[in-house]
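Participant: Be aware that the sequence shown starts at 686, since it is given in the numbering used here, and climbs by one per residue.
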Amino acid sequence: MWHTRLPEPDELATFRQQLVTNMQLPNETVRLITEIAKEPQHPMSILRTTTSLLGTTNNVDRDTPTKILAKMLTAIAAIIRIRDGLPLLHADPNWGVVENFVYLFSGKRPDAEATAMFNTVMVLHADHEFNASTFTSRVVASTKSDYYSCLTAAVCALKGPLHGGANEQVYNMLMDINRRHLTASEYVDEKLGAHKKIMGFGHRVYKHGDPRAKILRGVAARLAASTDNQALFDLQEALAAEMLNRIGLHPNVDYYTALIYHCLGLDKATFTTMFAACRTAGWLATSWNSNAKVA
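Shown next, in the form of structure tokens:
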């Protein structure tokens with residue numbers, strides 16, 4: 686995304702090491718985030734302010750996209766830990782990027798299988814055409830603004846329930862169905878009858894199914910089976926079948942990530958911050974490329 690080509694093996698190893706090395710925050714940044722993250726606000730609101738804060742407590746002129754991506758991952762993990770009343774952790778230089786990120790927010794080093802699954806999630810969310818947050822970051826980049834300003838604007842766009850916030854709404858939907866002991870068919874009947882949107886379905890580009898969702902379905906299935914969440918996955922399968930048979934809509938990328946993040950032990954309010962962690966690489970690519978093209 687950043688260099689319009691795949692890296693050579695030695696380049697990839699160097700890039701990974703650079704990311705891990707920079708997965709740390711200045712003391713002043715940590716002090717301020719600790720106060721901000723305690724506020725009774727949605728985690729995406731906290732991330733919005735934190736992203737802007739990173740641009741004031743770090744060297745804006747000298748921070749490269751690599752350093753900024755590492756700091757964003759670390760900041761998101763810090764927000765999750767602080768909200769849960771847990772101490773902040775430090776990256777291990779001998780681990781990979783995904784291992785460290787999962788460890789920084791969960792306190793547990795993922796095994797090889799979990800690392801591979803979360804790596805898949807991050808790659809599939811890294812970038813995708815000209816979505817709302819990418820468009821927003823590109824508009825800001827077109828004015829020759831700095832990376833942190835571009836990212837702050839992108840986070841604001843991602844927060845919305847019709848964009849990145851959709852994964853949280855999918856989880857709310859599943860909990861609503863369970864709480865009221867409805868079948869998938871009954872729920873679809875209710876929503877269609879009231880002319881209300883059913884979250885997690887349809888895509889403006891993929892009319893015959895989102896290829897990302899097909900891959901994420903497999904990840905969700907494996908995680909659900911290993912974390913005692915099989916009933917939720919079965920509900921998703923039943924709901925997906927109803928939607929396809931009734932109105933011809935397939936699940937989109939938000940549909941299965943809701944269950945994936947739940948299986949990882951994350952609070953539903955932090956789901957969209959995970960999306961931001963994955964999409965930051967794409968936002969930086971867009972901002973970098975846009976700035977390079979502006980005279």
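Idealized CB from N, CA, C, for every residue including glycine.
Go ahead and pull the three-state DSSP assignment for Pro772.
Facilitator: If DSSP states are grouped into helix, strand and coil, Pro772 belongs with coil.
Participant: Could you say which of Ile764, Ala698 and Thr689 lies nearest to Glu724 if we only look at CA atoms?
Facilitator: It is Ile764 whose Cα lies nearest to the Cα of Glu724.
Participant: Hey, out of Leu934, Lys882, Leu924 and His880, whose CA is closest to Asp895's CA?
Facilitator: Minimum Cα distance to Asp895 is reached at Leu934.
Participant: Is the CB-CB distance between Ala961 and Ile761 below 8 Å?
Facilitator: Yes, the pair counts as a contact, with Cβ atoms nearer than the cut-off.
Participant: Count the other CB atoms within 10 Å of the CB of Ala936; is the residue buried (16 or more) or exposed (fewer)?
Facilitator: The question names Ala, but residue 936 is Pro in the sequence shown. Burial call: buried.
Participant: According to DSSP, is Pro936 helix, strand or coil?
Facilitator: Correct three-state label for Pro936: strand.
Participant: Which partner residues of Phe886 appear in the DSSP bridge assignment?
Facilitator: Paired residue(s): Pro936.
Participant: Thinking C-beta only, is Arg733 closer than 8 Å to Val840?
Facilitator: Cβ distance < 8 Å, so Val840 and Arg733 count as in contact.
Participant: Considering only C-alpha positions, which residue in the set Gly903, Arg701, Leu738 and Lys899 is nearest to Glu720?
Facilitator: Of Gly903, Arg701, Leu738 and Lys899, the residue nearest in Cα terms is Leu738.
Participant: Going by DSSP, what residue range makes up the alpha helix (DSSP H) through Thr689?
Facilitator: Segment: none, Thr689 is in no alpha helix (DSSP H) and carries neither H nor E.
Participant: For the putative contact between Leu754 and Ala966, defined by C-beta atoms under 8 Å, what is the C-beta separation to the nearest angstrom?
Facilitator: Yes, Leu754 and Ala966 are in contact; Cβ-Cβ is about 6 Å, under 8 Å.
Participant: Count the other CB atoms within 10 Å of the CB of Met860; is the residue buried (16 or more) or exposed (fewer)?
Facilitator: Flag for Met860 reads exposed.
Participant: Is Phe960 helix, strand or coil by DSSP?
Facilitator: It is helical.
Participant: Give the DSSP-derived three-state secondary structure of Thr759 in the structure shown.
Facilitator: Three-state result, Thr759: helix.
Participant: Pro711 and Asn743 look like a contact to me (Cβ under 8 Å); what is the Cβ gap, rounded to whole Å?
Facilitator: The pair is a contact, with the Cβ atoms about 7 Å apart (cut-off 8 Å).
Participant: Would you check if there are 3 or more beta carbon pairs closer than 8 Å linking the region 850–859 to the region 942–956?
Facilitator: At 8 Å Cβ cutoff, the stretches touch.
Participant: Whole angstroms are fine: how far does the CA of Gln709 sit from the CA of Lys756?
Facilitator: Their backbone Cα atoms lie some 6 Å apart in a straight line.
Participant: Beta-carbon separation of Thr821 and Ala842 under 8 Å?
Facilitator: Yes.
Participant: Got a sec? Which residues, its chain only, sit under 7 Å from Met928 by beta carbon, not counting five neighbours each side?
Facilitator: Val873, Ile883, Phe886 and Leu934, listed in sequence order.
Participant: In chain order, what are the residue ranges of uninterrupted alpha helix (DSSP H) at least 4 long that sit wholly in the region 773–831?
Facilitator: Within the region 773–831, the complete alpha helix (DSSP H) runs of at least 4 residues are 782–791, 797–810 and 817–826.
Participant: Are the region 902–912 and the region 947–956 touching, with three or more C-beta to C-beta distances below 8 Å?
Facilitator: Yes: the two stretches touch, three or more of their Cβ pairs being nearer than 8 Å.
Participant: Taking the alpha carbon of Leu847 as the reference point, which residue from Ala817, Met686, Val825 and Asp777 has its own alpha carbon closest?
Facilitator: Looking at the Cα atoms, Ala817 is the closest of the given residues.
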